[in-house]
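**Student:** Counting the sequence shown from 1 gives a position; our numbering is that position plus 153. I have a structure I would like to understand better, so I am pasting it below and will then ask my questions one at a time.
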Amino acid sequence: MAVVAGIDEAGYGPLLGPLVVGVTAFRLPEPVLDRPEGPGSLWQRIGSHAVRKRPPRGRGAAQRDRRLVVCDSKKLHAGGRGLARMEQTVLCFLATATGAPLGRAAGASRPGCCGASRLADFAAQPADALLAALGARPLGAETCPWLDGSSPQLPAFSFRRELETRRALLARALERAGLETLHVLPVVLHPHAFNEGVRRHGNKHRYEWSVIARALECLWERYGDEGLDVTVDRLSGRSVYGPALARRFSGAQVVAETQDEQRSQYRVEGGGRRMRVRFVVGGDEHALPTALASLCAKYFRELYMQPLNAYFSERVPGLRPTAGYAQDGRRFLAEIEPVFSRERPCPREALVRCC
154 MAVVAGIDEA GYGPLLGPLV VGVTAFRLPE PVLDRPEGPG SLWQRIGSHA VRKRPPRGRG
214 AAQRDRRLVV CDSKKLHAGG RGLARMEQTV LCFLATATGA PLGRAAGASR PGCCGASRLA
274 DFAAQPADAL LAALGARPLG AETCPWLDGS SPQLPAFSFR RELETRRALL ARALERAGLE
334 TLHVLPVVLH PHAFNEGVRR HGNKHRYEWS VIARALECLW ERYGDEGLDV TVDRLSGRSV
394 YGPALARRFS GAQVVAETQD EQRSQYRVEG GGRRMRVRFV VGGDEHALPT ALASLCAKYF
454 RELYMQPLNA YFSERVPGLR PTAGYAQDGR RFLAEIEPVF SRERPCPREA LVRCC
């Protein structure tokens, strides 16, 4: 057996809202580390129940098509479209997850997965309750007044009955393929926690790396003895990871296998554990676990932007919602400034990222 995993983030660049790192893992029935080509395509193994492309947009087509779309989140969600599809994919895979808690990852309180057998086990409850069940309570949420007693309700964009139908189809497809979903985990870092992390590490690039490296450590500790293959969507501004990996895995041997413009791949071995980890430009195009991690991160970021927009829309008539990115985020801040200065609902660093 072997475990294949994926890591990706959403919200690295925005001015407002959380940074979310998605971590996913699957168990395969056969070893993969001795194969130079890696685990192969999980899209092909799962078959028609998990596809890379959005289905046709014809009238009623999305409702009739029960395939789950697993792709780069930017291709599925654009201009406010695709949220329901993204939710269906994330929650259905999450509902098949069986992995026990990983340990303390990347700023999360106790990452793991709930192993719910039916979506009804966690649907129709707030997102914070789901993440608590996953052992991944968001950091910095206590400083956000828009989350005080109003955590987003699940599901936010889909009908529960339809989700359960899709989950059952996915579960059968995974069983036929011999695949086991272990984890679909979002590590949610609201602005106050993000700002503290940046100050602690010196800049946001180093902080993001610390979050991802801790997730790698947790996967290594839990699954390294089975043989672990991880694809990480490459972080901006970095192409060499060997020295950083050697510092994090000080008791193991780290060997660079490939380092070029598109891919940096390393072998980590020690203490009876083995891991192959690759950092790939467009990693969410190459590996289903990384694409699912991208969707997981984006879904939970979008979910937590909703109460922020609702909170200030109640106080500023006619306020247009924001996705939190730089230019529009500045517009949003300018429009809420009179209310923010008058009411002072929270410290400014609980709302605005430092970088």
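In this text, a Cβ means the ideal position worked out from N, Cα and C, and glycines have one as well.
Please report how far the alpha carbon of V393 lies from the alpha carbon of L441, in whole angstroms.
**Tutor:** In the sequence shown, residue 393 corresponds to position 240, counting from 1. In the sequence shown, residue 441 corresponds to position 288, counting from 1. V393 and L441: Cα-Cα distance of roughly 23 Å.
**Student:** Starting from Y376, follow its DSSP beta bridges and name the residues at the other end.
**Tutor:** Taking the first residue of the sequence shown as position 1, residue 376 is located at position 223. According to DSSP, which records beta bridges pairwise, Y376 is partnered with nothing at all.
**Student:** One question on the structure: do P167 and D382 come within less than 8 Å of each other, judged by their Cβ atoms?
**Tutor:** Along the sequence shown, read from residue 1 onward, the residue named residue 167 stands at position 14. Along the sequence shown, read from residue 1 onward, the residue named residue 382 stands at position 229. Not in contact: P167 and D382 (Cβ atoms no closer than 8 Å).
**Student:** Suppose the cutoff is 7 Å on Cβ atoms and the five residues either side in sequence are ignored; what does the same chain contact list for Y452 look like?
**Tutor:** For the purposes of this step, residue 452 is taken as residue 299 along the sequence shown, with counting starting at 1. Contacts found: M239, E240 and V243.
**Student:** Enumerate in chain order the residues of its own chain whose CB-to-CB distance from A294 is below 6 Å, with the five nearest sequence positions on each side excluded.
**Tutor:** The sequence position of residue 294 within the sequence shown is 141, counting from 1. So the list reads L300 and H343, once near-sequence residues are dropped.
**Student:** So what does H511 bridge to, in DSSP terms?
**Tutor:** Missing from the structure shown is residue 511; the chain here goes from 154 to 508 and no further.
**Student:** Output needed for E414: all residues of its chain with C-beta closer than 8 Å, excluding positions within five of it in sequence on either side, in chain order.
**Tutor:** For the purposes of this step, residue 414 is taken as the residue at position 261 of the sequence shown. Counting only Cβ-Cβ distances below 8 Å, and skipping sequence neighbours, we find S392 and V434.
**Student:** Helix, strand or coil for G482? Go by DSSP, reduced to three states.
**Tutor:** Here residue 482 is taken as the residue at index 329 of the sequence shown, counted from 1. In the structure shown, G482 sits in a helix (DSSP, three-state: H, G or I).
**Student:** From V469, H336 and R367, pick the residue whose C-alpha is nearest to that of A248; which is it?
**Tutor:** Within the sequence shown, the letter at position 95 stands for residue 248. Nearest of V469, H336 and R367 to A248, Cα basis: H336.
**Student:** Going residue by residue through the stretch 436-503, where are the continuous alpha helix (DSSP H) segments of at least 4 residues, counting only ones entirely within it?
**Tutor:** Listed in chain order, the complete alpha helix (DSSP H) runs (minimum 4 residues) inside the stretch 436-503 are 436-439, 441-466 and 479-496.
**Student:** So the candidates are R416, S447, A321 and H230; which of them puts its Cα closest to the Cα of V340?
**Tutor:** Residue 340 sits at position 187 when you count from the first residue of the sequence shown. The residue with the shortest Cα to Cα distance from V340 is S447.
**Student:** Terminal residues of the continuous beta strand (DSSP E) containing G423?
**Tutor:** Looking up residue 423 in the sequence shown gives position 270. Per DSSP, G423 belongs to the beta strand (DSSP E) from R416 to G423.
**Student:** Going straight from the alpha carbon of P406 to that of P189, what length do you get?
**Tutor:** Numbered from 1 along the sequence shown, position 253 holds the residue referred to as residue 406. Numbered from 1 along the sequence shown, position 36 holds the residue referred to as residue 189. According to the sequence displayed, residue 406 carries Gln and not Pro. If I take the Cα positions, the gap works out to 19 Å.
**Student:** Start and end of the beta strand (DSSP E) containing E162?
**Tutor:** One-based indexing of the sequence shown puts residue 162 at position 9. A155 to A163 is the extent of the beta strand (DSSP E) around E162.
**Student:** Going by C-alpha to C-alpha distance, which of A178, P171, K206 and E315 sits closest to R290?
**Tutor:** By 1-based counting over the sequence shown, the position of residue 290 is 137. Comparing Cα positions, the closest option is P171.
**Student:** Comparing C-alpha positions only, which one of V364, Q418, F179 and R352 sits nearest to A158?
**Tutor:** Position 5 of the sequence shown holds residue 158. It is F179 whose Cα lies nearest to the Cα of A158.
**Student:** State the DSSP-derived secondary structure class of L169, mapped to helix, strand or coil.
**Tutor:** Here residue 169 is taken as the residue at index 16 of the sequence shown, counted from 1. Three-state result, L169: strand.
**Student:** How about A330 and R198: are their beta carbons less than 8 Å apart?
**Tutor:** Residue numbering aside, residue 330 sits at position 177 when the sequence shown is read from its first letter. Residue numbering aside, residue 198 sits at position 45 when the sequence shown is read from its first letter. Taking 8 Å as the Cβ cut-off, A330 and R198 qualify as a contacting pair.
**Student:** Determine the extent of the alpha helix (DSSP H) in which E240 is found, giving its start and end residues.
**Tutor:** Start at 1 with the first residue of the sequence shown, and residue 240 comes out as number 87. From DSSP, the alpha helix (DSSP H) with E240 extends over L236 to A248.
**Student:** Taking three-plus beta-carbon pairs below 8 Å as touching, is the stretch 469-485 in contact with the stretch 303-313?
**Tutor:** Result no; under three Cβ-Cβ pairs closer than 8 Å.
**Student:** List the endpoints of the continuous alpha helix (DSSP H) containing D281.
**Tutor:** Within the sequence shown, the letter at position 128 stands for residue 281. Its alpha helix (DSSP H) spans residues A280 to L287.
**Student:** Do you know how far the Cα of Y419 is from the Cα of L181?
**Tutor:** Reading the sequence shown from its first residue, position 28 is the one you call residue 181. Reading the sequence shown from its first residue, position 266 is the one you call residue 419. Their Cα atoms are separated by approximately 21 Å.
**Student:** Per DSSP, what kind of secondary structure is R387 in: helix, strand or coil?
**Tutor:** Indexing the sequence shown from 1 puts residue 387 at position 234. Looking at R387 - three-state DSSP - the assignment turns out to be coil, as it is neither helix nor strand.
**Student:** Helix or strand or just coil, what does DSSP make of F402?
**Tutor:** Working through the sequence shown from its first residue, we reach residue 402 at position 249. Reduced to three states, the DSSP call for F402 is coil.
**Student:** Using the rule of at least 16 other Cβ atoms within 10 Å of the residue's Cβ for burial, across every protein chain shown, is G134 buried or exposed?
**Tutor:** Outside the shown range of the chain (154 to 508) lies residue 134, about which nothing can therefore be said.
**Student:** Which residue comes first and which comes last in the alpha helix (DSSP H) that contains V351?
**Tutor:** Locating residue 351 in the sequence shown gives position 198, where the first residue counts as 1. V351 -> alpha helix (DSSP H) spans P344 to H354.
**Student:** Tell me which residues share the same chain as V408 and place their Cβ nearer than 6 Å to its Cβ, disregarding the 5 neighbours each side in the sequence.
**Tutor:** For this step, residue 408 is matched to residue 255 along the sequence shown. Here the set comprises R420.
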